[in-house]
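Asker: One structure, pasted below without further comment.
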Amino acid sequence: MIFYFSGTGNTLWAAKRLAEATNEQLVFIADHLDNAHAYQLKSGERVGFCFPVHGWRPPKIVRQFIGNITLKADGHYVYALCTAGNTIGETIDILTQDLEKRGLTLSAAFSIVMPETYVGVPFMDVDNAKDERRKLEAADRQLDTATRAIVNRQENKQPLHIGRWPKINSRLIGGVFVKYLVTDKPFHVVQDRCLKCGTCAKVCPVNDIAAEPSHTPTWLHNGMCLTCFTCYHHCPTHAIEFGRQTRRKGQYFFNHQRHEENDMA
1 MIFYFSGTGN TLWAAKRLAE ATNEQLVFIA DHLDNAHAYQ LKSGERVGFC FPVHGWRPPK
61 IVRQFIGNIT LKADGHYVYA LCTAGNTIGE TIDILTQDLE KRGLTLSAAF SIVMPETYVG
121 VPFMDVDNAK DERRKLEAAD RQLDTATRAI VNRQENKQPL HIGRWPKINS RLIGGVFVKY
181 LVTDKPFHVV QDRCLKCGTC AKVCPVNDIA AEPSHTPTWL HNGMCLTCFT CYHHCPTHAI
241 EFGRQTRRKG QYFFNHQRHE ENDMA
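For the sequence shown, position 50 (counting from the first letter as 1) is numbered 50 according to full-length UniProt numbering, and the numbering increases by one without interruption.
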């Protein structure tokens, strides 16, 4: 069984590859948050947790899900695979602690560097076309390595993209991120760009956007927003902004098409 969360598609790509290789079920975490859930594992079934890194931490939705999960995995192979724009800090350490509270022991962990998606602070933007292609090519190789290890149930932690100052990034900066930057309040629509097509509402993984035909979309402020920027990146006319932080910044989602002048350089 593979429990996963994905917004812009990087983690979904990885989770689907793992499901094909292991012939195990995909479970989208955002669909199972209402109440505590109990899951019955088949004999010898692996248990995977796949998610993007948010603020050098597991996304709050993943931690919430794990906090409510009932899963007897005695003797089962339990692994985590996370995707990140660059580094993951203490993400796996935090996940390990969350799992242990539920009686689950992590057997192995993997990190895959993917194109950058977070654009919510002034100094962060999507990767340029060249770096995006480089990361995707490298990610394909990294995922192949991780998949072989998972299929063979290797009980070791592969080298992770921890980066410098992991404790500062995950505990200090990550804490600020969760407290102040995980919010839908700065999101708004630039009226003269909006097609009122409803794409943003369709792709929002936590159903935080209302978009009726021919009406400007609105955020519900229901406390579910993860600032994953899936709505921003999928908007076909770049009509969604996050305060002033996203002005003149790029867009990215997995398997999108780049249309840059120097894309073929």
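Backbone N, C-alpha and C fix where the C-beta goes; we use that ideal spot for every residue, glycine too. If you're wondering where the values come from, they're calculated on a predicted model, not measured in any experiment.
Can you name, in chain order, every residue of its own chain whose Cβ lies under 7 Å from the Cβ of GLU241, other than the five neighbours on each side?
Answerer: HIS188, VAL190, ARG247
Asker: Kindly indicate which three-state DSSP category ALA118 falls into: helix, strand or coil?
Answerer: The identity of residue 118 in the sequence shown is Tyr, whereas the question assumes Ala. Correct three-state label for TYR118: coil.
Asker: Could you check whether GLU90 and SER170 sit closer than 8 Å to each other, using their CB atoms as the reference points?
Answerer: yes
Asker: Using a 10 Å radius around the Cβ and a threshold of 16 neighbouring Cβ atoms, would you call ALA98 buried or exposed?
Answerer: In the sequence on display, residue 98 carries Asp and not Ala. Result: buried.
Asker: Please report the residue range of the alpha helix (DSSP H) in which TYR232 lies.
Answerer: 230-234
Asker: Measuring alpha carbon to alpha carbon, tell me which of PRO52, GLU24, ARG153, LYS60 ends up nearest THR183.
Answerer: LYS60
Asker: Can you give me the Cβ contacts of HIS32 inside the same chain, cut-off strictly under 7 Å, excluding the 5 residues immediately before and after it?
Answerer: PHE65
Asker: May I have the straight-line CA-CA distance separating VAL78 from LYS72, to the nearest angstrom?
Answerer: 11 Å
Asker: Please work out which residues of its chain come closer than 7 Å, Cβ to Cβ, to LYS135, disregarding the five sequence neighbours upstream and downstream, and give them in chain order.
Answerer: VAL113, MET114, PRO115, ASP127
Asker: Label ILE92 either buried or exposed according to how many other C-beta atoms from any shown protein chain fall within 10 Å of its C-beta, with 16 as the threshold for buried.
Answerer: buried
Asker: So who's on the other strand from PHE28, going by DSSP bridges?
Answerer: TYR4
Asker: Can you check whether the CB of ALA36 is closer than 8 Å to the CB of LEU26?
Answerer: no
Asker: Measure the alpha-carbon distance for THR23 versus VAL151 and round it to whole angstroms.
Answerer: Rather than Thr, the amino acid found at residue 23 in this sequence is Asn. Using only the alpha carbons, I get a separation of about 10 Å.
Asker: In whole angstroms, what separates the C-alpha of LEU181 from that of THR83?
Answerer: 20 Å
Asker: Could you give the C-beta distance for THR117 and PHE229, rounded to a whole number, given that I count them as a contact under 8 Å?
Answerer: 6 Å
Asker: Let me know the secondary structure DSSP gives GLU45 once reduced to three states.
Answerer: It is coil, neither helix nor strand.
Asker: Just to confirm the assignment, what range does the alpha helix (DSSP H) spanning VAL151 have?
Answerer: 129-151
Asker: I'd like the list of long-range same chain contacts for MET1, defined as Cβ closer than 8 Å, with 5 residues on each side in sequence excluded.
Answerer: GLU24, GLN25, VAL27, TYR39, LEU41, GLU45, ARG46, VAL47, GLY48
Asker: Three-state secondary structure (DSSP) at ALA265?
Answerer: Residue confidence is low: ALA265 scores 35 on pLDDT, short of 50, so the model does not pin down where it sits. Its coordinate-derived value is still stated next. If DSSP states are grouped into helix, strand and coil, ALA265 belongs with coil.
Asker: Is residue 321 helix, strand or coil when you go by DSSP?
Answerer: Coverage of the chain is limited to positions 1 through 265, which leaves residue 321 absent and any answer about it impossible.
Asker: Please state whether DSSP places TYR77 in a helix, a strand or coil.
Answerer: coil
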